[in-house]
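Asks: Protein chains in written order, with my numbering: chain D, 22 to 344; chain C, 96 to 247. Every residue, glycine too, gets a C-beta built ideally from N, C-alpha and C. Model, not experiment: these values are computed from the prediction.
Here it is as structure tokens:
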């Protein structure tokens, strides 16, 4: 009997999700054993035409990481959706937009100008801006057009499941892989469509082992500014820790290592906008009833929009810079 | 047809909503542009509500609560007074003029003050123009627009 088939693709991505998959170490052998890998551009030599030639719904499972910000990203996302039985938004880029999503703070025009003409690291400005079509003596060169607004995969394609995280932690990936193999091998029912896999329904705080008490902040601080008590909640000590507004499942490893949570697992269950929820939480712990002092304390948070929406800007209610 | 602002007003049950009601029963005239939503306390107003209002077409959002020290739940309005400046910072980050969000304390007896706030805020939003948010939803028809938007 034919083995179930697996495809792994990267769109607007950093490659970290593919590495996280390899980080399941020897479990990757179980994956290779159980599945027939039919498409994984990061690790194996496949071409888009290989996928185009496959019958529809012939790929059992596609793990799609990366956001959608170009015509190519969109074309392959649509292609894989047609060819796949189950398609999973793998990682924060596909789920919420993640780091590429921060491009939504600017327009495509601003970005192209900066990268190709204004960046301090340019050795010389040759005056050329890449374009979707360039006419040369030999003919027309076409490259995929970049989009003005970065979208998470979840906004452009009807996907089946989401595995959040930047990247999803390898122990969670291994757990999901085992569950999938179990389901396929033993004919068990699939979880309801839209289920978030590899994560909990609570916030990151639930997994954090630090001691929690009443939070009263007179000044927010950054990690380099002082030494921090390893036993006490980081938010309590003035660090902007997004634990309260971030989905659990990662094991709170960053916090255990003394770094405040940055929110990479995205919004918790039943939350619509991660950044707004974090703003609400942060405002609750500000210790002041004087408007001028409140303004001063808020000013001690550098870059609120980048801090609260670092991983979820395209998924936010307002999606992008609207000016 | 000239622009008529759409303003969403979150009014706390105990003071502001009652104050607005007083304006009504006393027949004080104010522009009909505000859509009032009664919440039990201004501290209930989540920044997400405000962003949601803008997403759904509001040009301005007004949050009214009890004066400091008068909150029916003691400290709810304190939480509100901390949330609103931070929400303004977030609106700024999203390129939405933070003046489109306004926080006012209106007591149950201040019908006239409520009328004045609505008059002022409606004029202010009318001058600012429509919030005009775009690219909120993805549509496959937009794919070409995605590639060419944001360019000269």
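Excluding sequence positions up to five away, which residues of its chain have a Cβ less than 8 Å from the Cβ of residue 264(D)?
Replies: For residue 264(D), same chain residues with a beta-carbon under 8 Å away, outside a window of 5 residues either side, are 224, 225, 226, 229, 255, 256, 273, 276, 281 and 282 in chain order.
Asks: Could you name the residues of chain C that residue 342(D) contacts, counting a contact when the two beta carbons are closer than 8 Å?
Replies: Here the neighbours are 188, 189 and 190.
Asks: In this structure, what does DSSP give as the bridge partners for residue 88(D)?
Replies: 33(D)
Asks: List the residues of chain D that residue 176(C) touches, going by C-beta distances under 8 Å, in chain order.
Replies: 310, 312 and 315
Asks: What is the C-beta distance between residue 184(C) and residue 325(D), in whole angstroms, given that I count them as a contact (C-beta under 8 Å)?
Replies: 5 Å
Asks: Is there a Cβ of chain C sitting closer than 7 Å to that of residue 177(D), yes or no?
Replies: yes
Asks: Is it a yes or a no for the region 285–302 of chain D touching the region 122–133 of chain C, going by three-plus beta-carbon pairs under 8 Å?
Replies: no
Asks: At a CB-CB cut-off below 7 Å, which residues of chain D make contact with residue 230(C)?
Replies: The answer, in chain order, is 170, 340 and 341.
Asks: For residue 144(D) and residue 138(D), I'd like the C-alpha separation in whole angstroms.
Replies: Rounded to the nearest whole angstrom, the CA to CA distance from residue 144(D) to residue 138(D) is 10 Å.
Asks: Would you mind stating whether residue 173(D) and residue 335(D) have Cβ atoms separated by less than 7 Å?
Replies: Going by C-beta atoms, residue 173(D) is nearer than 7 Å to residue 335(D).
Asks: Check the Cβ-Cβ distances between residue 246(C) and every residue of chain D, and say whether any is below 7 Å.
Replies: Note that residue 246(C) scores a pLDDT of 47, beneath 50, so its modelled location is shaky; the value from the coordinates is reported in the next line. Closer than 7 Å to some Cβ of chain D, the Cβ of residue 246(C) qualifies, so yes.
Asks: Any chance you could list the alpha helix (DSSP H) runs of at least 4 consecutive residues sitting entirely within the region 184–237 of chain D, in chain order?
Replies: 191–207
Asks: Flag this pair as yes or no: are the beta carbons of residue 98(D) and residue 178(D) separated by less than 7 Å?
Replies: yes
Asks: State the start and end residues of the unbroken alpha helix (DSSP H) segment that holds residue 115(D).
Replies: Per DSSP, residue 115(D) belongs to the alpha helix (DSSP H) from 113–116.
Asks: Measure the CB-CB distance between residue 332(D) and residue 113(D) and report whether it falls below 7 Å.
Replies: yes
Asks: Quick one: grab the DSSP three-state call for residue 57(D).
Replies: Three-state DSSP puts residue 57(D) in a strand.
Asks: Taking the C-alpha atoms as reference points, what is the distance between residue 246(D) and residue 261(D)?
Replies: 13 Å
Asks: I'd like the span of the beta strand (DSSP E) that includes residue 104(C), first residue to last.
Replies: 102–107
Asks: Helix, strand or coil, according to DSSP, for residue 141(D) in the structure here?
Replies: coil
Asks: So that I know if they touch, is there some Cβ in chain C lying closer than 7 Å to that of residue 244(D)?
Replies: It does not; no Cβ of chain C falls within 7 Å.
Asks: Which residues in chain D sit within 7 Å of residue 165(C), going by Cβ to Cβ distance?
Replies: By Cβ distance, chain D contributes nothing, its closest Cβ being about 13 Å from residue 165(C), past 7 Å.
Asks: By Cβ distance below 8 Å, which residues in the same chain neighbour residue 309(D) in space, the five residues on each side in sequence not counted?
Replies: If we look at residue 309(D) and ignore the five residues flanking it on each side, its Cβ neighbours are 239, 315 and 318.
Asks: Along the chain, where does the alpha helix (DSSP H) that runs through residue 175(C) open and close?
Replies: 171–188
Asks: Per DSSP, what kind of secondary structure is residue 270(D) in: helix, strand or coil?
Replies: coil
Asks: Taking 7 Å as the limit between beta carbons, can you name the residues of its chain near residue 216(C), skipping five residues before and five after?
Replies: 102, 155, 157 and 197
Asks: My assumption, with CB atoms under 8 Å, is that residue 107(D) sits in contact with residue 181(D). Please give the rounded CB distance.
Replies: Right, their Cβ atoms sit about 5 Å apart.
Asks: Can you tell me whether residue 199(C) is helix, strand or coil according to DSSP?
Replies: Here residue 199(C) sits in strand by DSSP.
Asks: By a C-beta neighbour count over all protein chains shown, 10 Å radius and 16 as the cutoff for buried, is residue 50(D) buried or exposed?
Replies: Classification for residue 50(D): exposed.
Asks: Does residue 247(C) pass the burial test, meaning 16 or more other C-beta atoms within 10 Å, or should it be called exposed?
Replies: Reliability fails at residue 247(C), whose pLDDT of 40 lies under 50, so the model's placement of it is uncertain and the value that follows must be treated cautiously. Answer is exposed; the Cβ neighbour count stays below 16.
Asks: My output table needs one value for residue 299(D): the three-state DSSP class, helix, strand or coil.
Replies: helix
Asks: When the Cα atoms are used, what is the spatial distance from residue 180(C) to residue 191(C)?
Replies: 14 Å
Asks: Check the Cβ of residue 325(D) against every Cβ in chain C and list those closer than 8 Å, keeping chain order.
Replies: Within 8 Å Cβ-Cβ: 181, 184, 185 and 188.
Asks: Check distances from the C-beta atoms of the region 96–119 of chain C to those of chain D and list, in chain order, the residues that come in under 7 Å.
Replies: none
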